[in-house]
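Residue numbers (the numbering used here), protein chains in the order written: chain P, 8 to 276; chain F, 4 to 236; chain W, 5 to 236. All remarks here apply to the structure that follows.
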Amino acid sequence: MKRLATLALAAALSLSAFAQDKFITLASTTSTDQSGLFGHLLPQFQKASGIAVRVIALGTGQALDAARRGDADVVFVHDKAAEEKFVAEGFGLERQEVMFNDFVVIGPSDDAAKAIGNDINAALRAIYASKAPFVSRGDKSGTHAAELRYWKAAGVDPASEKQSWYREVGQGMGPALNTAAAMNAYILADRGTWLAFKNRQNLAIAVEGDKQLFNQYGVILLNPAKHAHVKKTEGQAFIDWIVSPAGQAAIASFKVNGQALFFPNATKR
Amino acid sequence: MADDMATLLTLQNASVTIQGKALVEAISLRVGSGEFVCMLGANGAGKSTLLRLAHGLIAPTHGACARVPIAEQAMLFQRPALLKRSAEENVRFSLAARDVPYAEQVARTDEALAACGLSALATRYARSLSGGEQQRLALACAWALRPRVLFADEPTASLDLNAVHAVEAVLRALHAQGTTIVMTTHSLAQAKRLAQRIVFLHQGRVTDDASAALFFAGERSPSASHFFEGERL
Amino acid sequence: MIFNALRDALGLIAAADGALFQIIWLSLKVSASATLLAALIGMPLGAWVALTTSRLRTILIVFLNACMGLPPVVIGLLIYLLLSRSGPLGALGWLFTPKAMIVAQTVLITPIIAALTRQVIEDAHAEYKDWFASLGLSVWATVRTLLVDARFSLVTALLAGFGRAVAEVGAVMIVGGNINGFTRVMTTAISLETSKGDLALALALGFILVSMVFALNAVAHAIKRYAARRYG
Numbered sequence: 008m009k010r011l012a013t014l015a016l017a018a019a020l021s022l023s024a025f026a027q028d029k030f031i032t033l034a035s036t037t038s039t040d041q042s043g044l045f046g047h048l049l050p051q052f053q054k055a056s057g058i059a060v061r062v063i064a065l066g067t068g069q070a071l072d073a074a075r076r077g078d079a080d081v082v083f084v085h086d087k088a089a090e091e092k093f094v095a096e097g098f099g100l101e102r103q104e105v106m107f108n109d110f111v112v113i114g115p116s117d118d119a120a121k122a123i124g125n126d127i128n129a130a131l132r133a134i135y136a137s138k139a140p141f142v143s144r145g146d147k148s149g150t151h152a153a154e155l156r157y158w159k160a161a162g163v164d165p166a167s168e169k170q171s172w173y174r175e176v177g178q179g180m181g182p183a184l185n186t187a188a189a190m191n192a193y194i195l196a197d198r199g200t201w202l203a204f205k206n207r208q209n210l211a212i213a214v215e216g217d218k219q220l221f222n223q224y225g226v227i228l229l230n231p232a233k234h235a236h237v238k239k240t241e242g243q244a245f246i247d248w249i250v251s252p253a254g255q256a257a258i259a260s261f262k263v264n265g266q267a268l269f270f271p272n273a274t275k276r
Numbered sequence: 004m005a006d007d008m009a010t011l012l013t014l015q016n017a018s019v020t021i022q023g024k025a026l027v028e029a030i031s032l033r034v035g036s037g038e039f040v041c042m043l044g045a046n047g048a049g050k051s052t053l054l055r056l057a058h059g060l061i062a063p064t065h066g067a068c069a070r071v072p073i074a075e076q077a078m079l080f081q082r083p084a085l086l087k088r089s090a091e092e093n094v095r096f097s098l099a100a101r102d103v104p105y106a107e108q109v110a111r112t113d114e115a116l117a118a119c120g121l122s123a124l125a126t127r128y129a130r131s132l133s134g135g136e137q138q139r140l141a142l143a144c145a146w147a148l149r150p151r152v153l154f155a156d157e158p159t160a161s162l163d164l165n166a167v168h169a170v171e172a173v174l175r176a177l178h179a180q181g182t183t184i185v186m187t188t189h190s191l192a193q194a195k196r197l198a199q200r201i202v203f204l205h206q207g208r209v210t211d212d213a214s215a216a217l218f219f220a221g222e223r224s225p226s227a228s229h230f231f232e233g234e235r236l
Numbered sequence: 005m006i007f008n009a010l011r012d013a014l015g016l017i018a019a020a021d022g023a024l025f026q027i028i029w030l031s032l033k034v035s036a037s038a039t040l041l042a043a044l045i046g047m048p049l050g051a052w053v054a055l056t057t058s059r060l061r062t063i064l065i066v067f068l069n070a071c072m073g074l075p076p077v078v079i080g081l082l083i084y085l086l087l088s089r090s091g092p093l094g095a096l097g098w099l100f101t102p103k104a105m106i107v108a109q110t111v112l113i114t115p116i117i118a119a120l121t122r123q124v125i126e127d128a129h130a131e132y133k134d135w136f137a138s139l140g141l142s143v144w145a146t147v148r149t150l151l152v153d154a155r156f157s158l159v160t161a162l163l164a165g166f167g168r169a170v171a172e173v174g175a176v177m178i179v180g181g182n183i184n185g186f187t188r189v190m191t192t193a194i195s196l197e198t199s200k201g202d203l204a205l206a207l208a209l210g211f212i213l214v215s216m217v218f219a220l221n222a223v224a225h226a227i228k229r230y231a232a233r234r235y236g
């Protein structure tokens, strides 16, 4: 009863300061958001189309769940398997590839586990053998899913064995890096977040360049059949733009410290 | 209901019992128009309870109580509760509570404040007045209501001598205008100065109910005499 | 690092950083709106609980006091489920907008304002009870008179509610989504910068927020003293 009164009052006192322009809600990941890509990309889209994009940054799993609930119009994440499942379930119309970046393994500069190099399997086996502290996202994110794939490929499974040196923090990329810096631990991160990360302390890149560290991003429009309110036209406009030459060029032109973070690879249609 | 226009209050064998303890018992009393009654008694004798019962703030647990409507009554408390406003706003508030129209409120406020000697302090904040002035202000609030009967619960108990006399003067003036006054006091001297009739309470019961002249001449119960001697000391 | 943060904070303000001012302004707008709504609901509610003779009274007082301790993040979750498109009120489309943040903060601070109002009104009523009964004052007039008479204590209750709202992060993060330029407030910005590892900026924002809260408390104190001196 009290809640109804609250809402009624709020509606009555409708604060019109909040704009009514065209907008879509984009569910994406914290790592993508924190890299600064959206700050670079979205103003260009808005200028071209007049549509504002409101970004909700969550882990990949949470972003897809929010979309399943109908709380977003478009999802933009980096976990192919989860994305394909999302479309197969009927929540999304179609998955299109947009860009990729890569993962890197970050570690203490003294490299106690001798993991430095460009072979991810060897590095993970070395970390496992030396029981060096390792921080895992542990949050159903795209990065977490990738990390688990790499452990599997390397043939070891610290997560199920509940090894004490393997620390699951259940947090986004930034907080996980903070924790790794504080613990002087190894951690898998996307290059974008690492480049933007300021609290490095003793950490540096340990492993990079392995082809397996390739991280593909996909974009999906929500299926209006599941949620009638989805902004199909504007959402599609965003997708069309981001895979277009203009959008792809915008992605390529995003640089941190002179380095490009994301590499456009949308299929030409 | 009152028997005739001259009776303002009738209590018949009334008692007030709270949690098994009788605060006042077997009270039979009649107050007529124009009287000035002082209720005397030691602390804890039940004077306050009886007054509140008479005014209608509490109901009797036994017995009957008949009184004029509350709109024709007013009460003064030992420590006046005044709103955080100016003196005149307090008086107007009490008039507004009794649904007096605004234009009349202003006139009666001025009249009441003047009667209580507070005209100069009308715009002062009520809580910044002295103890005696605050009690006179509470009196002004009551005066403005033009009650047929005023109940006063030890109205000068916490005041200095000058303030006591000032308040007593207003009470006398109010009585002279025709208002019946029923007040409690533990001061014999004050009762002697003001009362026409004395009601003495001892341990919740009325032991004396006589004219003041007779009471002070020596016609009183043993408990009253005991009290008398105690006070004299 | 703390001194640098203080310096950075002053630098941000001096630079009249547009994004910063938008964040500060949104924090104030959301929390002030919530305080206003919470007052409209909580003050009459608190006054009623103070004056009622209903047997529910004790239960209500205990309930209100307990609700004061509701974790903001739990309230955020509940309002999220309510306003999600899959939820009962999804059609309103308020999720991830400032409206949802106002709703969540209103729910958060209404118990505080109601409980404080109850205490204030109860104390005031104890003082005036006999006189009002003697005057035959109606319940509605009693409520009105007490609310006005206790106005200074009530204003400090409002400031307490506002302070709690402007300092919380759990509720607004979940229902607002911390959207850049749209639902980002001081607390969620601090949370974000911390998670990005930009501790200096987070501290700078923190200084600004804490200064605001301190200033608020100073104002509340000054009001109380003014009232005490003036009215006694």
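Even glycine gets a Cβ: it sits at the ideal position worked out from N, Cα and C.
Could you list which residues in chain F have their beta carbon closer than 8 Å to that of W:GLY140, in chain order?
ILE73, ALA74, ALA100 and ARG101
With DSSP as the reference, identify every bridge partner of P:VAL81, one or two as the case may be.
Partner residues in the beta bridge of P:VAL81, as assigned by DSSP, are P:LEU33 and P:LEU228.
Taking all protein chains shown into account, decide if W:ALA104 is buried (16 or more other Cβ within 10 angstroms of its Cβ) or exposed.
With 16 or more other CB atoms across the displayed protein chains lying within 10 angstroms of its CB, W:ALA104 is buried.
Which complete alpha helix (DSSP H) runs does the segment 160-203 of chain F hold, if anything under 4 residues is left out?
164-179 and 191-197
Is the CB-CB distance between P:TYR193 and P:PHE141 below 9 Å?
yes
Does DSSP classify W:GLY180 as helix, strand or coil?
In this structure, W:GLY180 counts as helix in the three-state DSSP scheme.
DSSP three-state label for W:VAL173, please.
coil
Report the three-state DSSP secondary structure of W:SER90 (helix, strand or coil).
coil
Cβ closer than 9 Å: which chain P residues qualify as neighbours of W:PHE7?
Correct list: empty, because the minimum Cβ distance to chain P is about 18 Å.
Considering just the uninterrupted stretch of the beta strand (DSSP E) at F:ASN16, what are its terminal residues?
10-21
Measuring only between beta-carbons, confirm whether W:PHE211 sits less than 9 Å from chain P.
no
Would the beta-carbon of F:ASP156 fall within 9 Å of that of F:MET186?
yes
Is it a yes or a no for the segment 212-227 of chain W touching the segment 53-71 of chain W, going by three-plus beta-carbon pairs under 8 Å?
no
Under 9 Å, CB to CB, which of the residues in the segment 130-161 of chain W have a partner in chain F?
GLU131, TYR132, LYS133, ASP134, TRP135, PHE136, ALA137, SER138, LEU139, GLY140, LEU141, SER142, ALA145, THR149, VAL152, ASP153, ALA154, ARG155 and PHE156
Do you know how far the Cα of F:ALA57 is from the Cα of F:GLN180?
22 Å
Go through the segment 87-139 of chain P residue by residue and report every complete run of the alpha helix (DSSP H) that reaches 4 residues or more, in order.
Listed in chain order, they are 87-95 and 127-137.
Could you round the C-beta distance between F:LEU153 and F:ALA77 to whole angstroms and report it? I think they count as a contact, below 8 Å.
5 Å
Between the segment 183-195 of chain P and chain W, which residues of the former have a C-beta closer than 8 Å to a C-beta of the latter?
LEU184, ASN185 and ALA188
Note the first and the last residue of the continuous alpha helix (DSSP H) segment covering F:THR210.
F:THR210 -> not in any alpha helix (DSSP H); beta strand (DSSP E) instead, spanning 208-214.
Excluding the 5 residues flanking F:ARG208 on each side, which residues of the same chain have their C-beta closer than 7 Å to its C-beta?
GLU28 and ALA29
Below 7 Å on C-beta distance, what does W:ARG234 contact in chain F?
Against chain F, a Cβ distance below 7 Å from W:ARG234 picks out TYR128.
Helix, strand or coil for P:ARG207? Go by DSSP, reduced to three states.
coil
Return the chain-ordered ranges of every beta strand (DSSP E) run that is complete within the segment 34-93 of chain F and spans a minimum of 3 residues.
39-44, 65-70 and 76-79
Rounded to a whole number of angstroms, what is the C-alpha to C-alpha distance between W:LEU196 and W:GLY22?
18 Å
Please classify W:ARG143: is it buried, with 16 or more other beta-carbons within 10 angstroms of its beta-carbon, or exposed?
According to the sequence provided, residue 143 of chain W is Val. The question's Arg does not apply to it. Result: exposed.
Leaving aside the five residues before and after W:ALA231 along the sequence, list all residues of the same chain whose C-beta is less than 7 Å from its C-beta, in chain order.
Answer for W:ALA231: PHE156, listed in chain order.
Quick check: what's the CA-CA separation for W:LEU207 versus F:TYR105?
59 Å
What residues in its chain sit with their C-beta under 6 Å from that of P:SER137, if we drop five residues either side in the sequence?
ALA120
Should P:LYS275 be labelled buried (16 or more other beta-carbon atoms within 10 Å of its own) or exposed?
exposed
Under the DSSP definition of a beta bridge, which residues are partnered with F:ASP156?
F:THR187
Counting only beta-carbon separations shorter than 9 Å, does P:GLY46 have a partner in chain W?
yes
Can you tell me where the beta strand (DSSP E) holding P:ASP72 begins and where it ends?
Premise fails: P:ASP72 lies in the alpha helix (DSSP H), 67-75, not in any beta strand (DSSP E).
Just curious, the beta strand (DSSP E) that P:SER143 is in, first and last residue?
Element bounds for P:SER143: 141-143.
Does the Cβ-Cβ distance between W:GLY46 and W:THR114 come in under 9 Å?
yes
Name the two residues that bound the continuous alpha helix (DSSP H) containing W:ILE300.
No answer is possible for residue 300 of chain W: the residues shown for chain W start at 5 and end at 236.
Counting pairs of Cβ atoms below 8 Å between the segment 46-64 of chain P and the segment 201-214 of chain P, do you hit three or more?
no
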